[in-house]
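In this note's numbering, the protein residues as written are 7 to 393.
For each residue, glycine too, the CB sits at the ideal point set by N, CA and C.
Predicted, not measured: the structure shown is a model, and the values here were computed from it.
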Ligand SMILES: [Zn+2]
Ligand SMILES: [Zn+2]
């Protein structure tokens with residue numbers, strides 16, 4: 007049984023020595039293997055993963071590699087476990103940890119910065135200057151689980167206590183996996199100015215971040231909140247999450263529609279979540295003079311941008327990475343208060359063993375899939391009982 011030196015465990019929550027874990031082989035190839043259960047170091051805990059959501063970025067990593075970087079290079083054939091949007095139960099405590107207790111339910115954010123660089127010191131740990139430097143002689147203690155270190159498509163993972171968010175009993179496992187997505191939307195709004203009460207917001211692209219961006223903007227008091235996209239079923243969910251107006255960009259010019267819906271004026275903020283080739287040029291025409299645009303999606307190709315329009319109109323552009331400045335805690339607070347129902351973006355659930363099927367649903371949007379969640383609880387618990 008698992009009992010590494012200096013690590014605290016509890017009799018009522020035994021941890022096995024090995025676990026089932028998916029690892030990335032060649033591009034697009036995932037294998038289910040046995041791996042040793044990882045060991046938490048100082049300021050880290052071992053989380054028993056109970057549920058993990060599939061993100062579009064996981065698909066990027068599995069088929070193309072970036073933005074994952076393992077040992078400074080491509081993530082293929084390195085025994086690397088992807089997956090980053092997970093939640094679970096604290097199962098063991100690393101040396102010195104008293105902030106969390108064994109048995110406590112938590113959800114996690116992805117990035118534990120090095121804690122010592124200029125950006126980490128300012129709370130911008132998703133922009134850590136020692137990003138990915140966590141191996142060999144250059145180990146700076148940086149972790150971005152599922153990106154630069156092992157992630158959540160498995161039964162157990164270690165997390166720095168700074169990446170944990172305690173969740174209430176009333177929040178389901180599935181909902182808890184969505185906290186980090188809502189946290190990314192929250193971070194975008196934080197970078198745009200934070201308090202958006204009474205200000206106008208457009209969200210472009212009704213993927214999970216865009217849809218929860220609508221919900222968070224509305225919970226922060228924005229008015230109106232306009233969602234643009236091309237799929238009516240997703241726009242409908244946007245309305246349910248609080249959008250005042252939705253625009254189907256296949257049926258009308260999105261820039262004109264936004265200006266018309268906002269009384270002939272541009273809006274104060276745009277959160278760009280589509281990654282569409284012309285999205286930046288449209289976003290800078292949706293905002294008013296002095297408006298702010300947050301870029302939360304990465305397009306595949308470089309695209310020309312009308313810089314003169316940005317300069318002439320004093321428009322601010324912000325790129326965001328992940329869920330910095332502890333935005334997950336603020337997103338979780340809204341969800342715990344039921345200020346919006348994030349579960350509206352959760353569409354499908356599969357057991358951990360069915361990851362390839364779950365990925366197919368997410369990738370091909372089978373049955374209008376949006377957020378596909380894997381449940382690990384059950385398989386892990388049964389295996390401990392059988393040992
Ligand atoms: Zn993600
Ligand atoms: Zn850092």
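Check	Outcome
Which residue marks the beginning of the beta strand (DSSP E) containing residue 277, and which one marks its end?	273-278
Compute the minimum distance between the beta carbon of residue 132 and the heavy atoms of ligand 1, and state whether it is under 7 Å.	no
Leaving aside the five residues before and after residue 14 along the sequence, list all residues of the same chain whose C-beta is less than 6 Å from its C-beta, in chain order.	99
Take the Cβ of residue 315 as the centre, count every other Cβ of all protein chains shown within 10 Å, and call the residue buried at 16 or more, exposed below.	exposed
Look at the alpha carbon of residue 196 and the alpha carbon of residue 234, and state the distance between them as a whole number of angstroms.	21 Å
Consider the C-beta atom of residue 151 and the heavy atoms of ligand 2; say whether any pair is separated by less than 7 Å.	no
Can you give me the C-alpha to C-alpha distance between residue 21 and residue 89, rounded to a whole angstrom?	21 Å
Per DSSP, which residues does residue 40 bridge with? Please list them.	26
Could you give the uninterrupted runs of the alpha helix (DSSP H) lying entirely in the region 163-240, keeping only those of 4 residues or more?	179-182, 185-198, 214-225
Write down the C-beta distance between residue 27 and residue 160 rounded to the nearest angstrom, noting that I regard them as a contact closer than 8 Å.	3 Å
Relative to the C-alpha of residue 319, which candidate in 335, 205, 292, 339 has its C-alpha closest?	292
Can you find a heavy atom of ligand 2 that lies under 7 Å from the Cβ of residue 136?	yes
In the structure shown, what three-state DSSP assignment does residue 300 receive?	strand
Which of helix, strand or coil does DSSP assign to residue 377?	strand
Could you pull the start and end residues of the beta strand (DSSP E) that residue 354 belongs to?	352-357
Comparing alpha-carbon positions, which option in 334, 184, 317, 282 lies nearest residue 61?	184
Sort out for me which residues DSSP pairs residue 117 with in a bridge.	150
Who are the Cβ neighbours of residue 270 in its own chain at under 7 Å, not counting the five residues just before and after it?	none
Give the single residue among 260, 58, 370, 307 whose Cα lies nearest to the Cα of residue 283.	307
Using 8 Å as the cut-off, can you tell me whether the region 41-51 makes contact with the region 122-135, which would need three or more C-beta pairs spanning the two stretches below that distance?	no
Using the beta-carbon count (16 or more within 10 Å), is residue 440 buried or exposed?	The displayed coordinates of the chain run from 7 to 393. Any statement about residue 440 would go beyond what the structure contains.
By the DSSP assignment, the beta strand (DSSP E) with residue 127 in it spans what residues?	Per DSSP, residue 127 belongs to no beta strand (DSSP E); it is in the alpha helix (DSSP H), 124-127.
I'd like the span of the alpha helix (DSSP H) that includes residue 264, first residue to last.	260-267
Would you say the beta carbon of residue 63 comes nearer than 7 Å to a heavy atom of ligand 1?	yes
DSSP three-state call for residue 295: helix, strand or coil?	strand
Return yes when the C-beta of residue 117 is under 7 Å from any heavy atom of ligand 1, and no when it is not.	no
Do residue 243 and residue 351 have their C-beta atoms within less than 8 Å of each other?	yes
In terms of residue numbering, what span does the alpha helix (DSSP H) encompassing residue 96 cover?	First-last for residue 96: 91-99, but that is the beta strand (DSSP E), not the alpha helix (DSSP H).
For residue 380 versus residue 74, is the C-beta distance shorter than 8 Å?	no
Taking 7 Å as the cut-off, is the CB of residue 78 close to at least one heavy atom of ligand 2?	no
Taking the alpha-carbon positions, what's the residue 326 to residue 362 distance?	29 Å
Report the residue from 34, 10, 66, 109 whose alpha carbon sits nearest the alpha carbon of residue 18.	109
Check whether the region 23-39 touches the region 101-119, counting contact only when three or more Cβ pairs, one atom from each stretch, lie closer than 8 Å.	no
Determine the extent of the alpha helix (DSSP H) in which residue 108 is found, giving its start and end residues.	Taken as a continuous stretch (DSSP letters only), residue 108 belongs to no alpha helix (DSSP H), as it is neither H nor E.
Roughly how many whole angstroms lie between the Cα atoms of residue 221 and residue 247?	5 Å
Could you tell me the distance, in whole angstroms, from the CA atom of residue 241 to the CA atom of residue 274?	21 Å
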